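Visitor: The sequence shown begins at 1 in the UniProt record's numbering and counts up by one. The structure that follows is given in the form of structure tokens.
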Amino acid sequence: MNPVEQAVVWLNDPLNWTNPGGVLDRLGEHLSMSALAVLLGCLVAWPIGLWLGHSGRGGGLVLLVSNVTLAIPTLALLTILPLTFLGFGRPAVVVALAVFAVPPLLANAFTGVRQADPEARDAARGMGLSGGQVLRRVELPLAVPYLAAGFRTAAVQVVATAALASFVNGGGLGQIIRAGFGLDIAAGGGQIIAGGVLVAGLALLVEGVLALVERVVTPRPLRRERTRANRRATAATTGN
1 MNPVEQAVVW LNDPLNWTNP GGVLDRLGEH LSMSALAVLL GCLVAWPIGL
51 WLGHSGRGGG LVLLVSNVTL AIPTLALLTI LPLTFLGFGR PAVVVALAVF
101 AVPPLLANAF TGVRQADPEA RDAARGMGLS GGQVLRRVEL PLAVPYLAAG
151 FRTAAVQVVA TAALASFVNG GGLGQIIRAG FGLDIAAGGG QIIAGGVLVA
201 GLALLVEGVL ALVERVVTPR PLRRERTRAN RRATAATTGN
């Protein structure tokens, strides 16, 4: 059998799913690591992004942090962090993935607040609301679609990248791929492909679910505005 046929056979073997260390176990590890990483990224990035957007300052800082964070390879963090007090295993993986999740979360939080309707902001201030109240009652609700978009991007990136956790004994679906590489290529090629399909399928599933969530939390008028903006951007890119 060729590797693709081997992958189909491997995925259709119930024991590969239910045995200890099988797909279901690795899927649970993958999802738990990814969820913790995105949650940690939200706890760090959202408060900073919302406050900087509210104050109207720090746009350059947001851009700098995003660029610097994206420039750091996740694999490099995964090899450096285990040498700290975090040690090898899941804590180091969660922190590394959280760093990777920060840029889209931070940038979208900042942009969401800055894109809030200036008239609504001025009206709230005219009613005597304090800066914190304007942020909580006006700017934050209007920024929810942007927060959802950033969350979607961060979650998909983290889920796709979490496969690297196997390099530092972090578990996850990447462990299936790594185990395949530990075999002879004739025997392990199918398992490698199967692991890759599982990671890609999970990332696509997360993308689809969160795309629906983003649509639900985006008010209908804002959906139309963003659709028109996307069309204008596409037309400008294609030159039409």
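For each residue, glycine too, the CB sits at the ideal point set by N, CA and C. All values reported here derive from a predicted model rather than from experimental measurement.
#1: Out of curiosity, what's the CA-to-CA distance linking V68 and L15?
#2: I'd like the span of the alpha helix (DSSP H) that includes T153, first residue to last.
#3: Tell me, to the nearest whole angstrom, how far the beta carbon of M33 is from that of L97; I am working on the premise that it is less than 8 Å.
#4: Counting only beta-carbon separations shorter than 7 Å, does L97 have a partner in chain D?
#5: Just reading off the alpha helix (DSSP H) that R57 is part of, what are its end residues?
#6: Sorted by chain position, which residues of the same chain lie with C-beta nearer than 6 Å to G190's C-beta, five sequence neighbours on each side aside?
#7: Go through its chain and collect everything with a Cβ distance to A154's Cβ below 7 Å, but skip five positions before and after it.
#8: With distance defined between alpha-carbon atoms, name the residue in G87, G56, A107 nearest to S66.
#9: With DSSP run on the structure shown, which of helix, strand or coil describes D25?
#10: Quick one, which of L77, I72, L36 has its alpha-carbon nearest F167's?
#11: Relative to the alpha-carbon of L63, which residue among A45, L75, P82, V206 has its alpha-carbon at the smallest distance?
Guide: Taking the structure as given:
#1: So the two alpha carbons sit approximately 44 Å from each other.
#2: Segment 140-161, the alpha helix (DSSP H) holding T153.
#3: Confirmed, Cβ separation roughly 7 Å.
#4: Among the chains in the structure shown there is no chain D, since it carries only a single protein chain.
#5: Note, R57: premise wrong, no alpha helix (DSSP H); not H, not E.
#6: Within the same chain, G190 has close Cβ partners P3, Q6, A7, W10.
#7: Taken in chain order, the residues that qualify are V38, G41, A101, P104, L105.
#8: Among G87, G56, A107, the Cα nearest to that of S66 is on A107.
#9: Collapsing the DSSP output to three states places D25 in a helix.
#10: Proximity to F167 across L77, I72, L36 peaks at L77, based on C-alpha coordinates.
#11: Out of A45, L75, P82, V206, A45 has the C-alpha closest to the C-alpha of L63.
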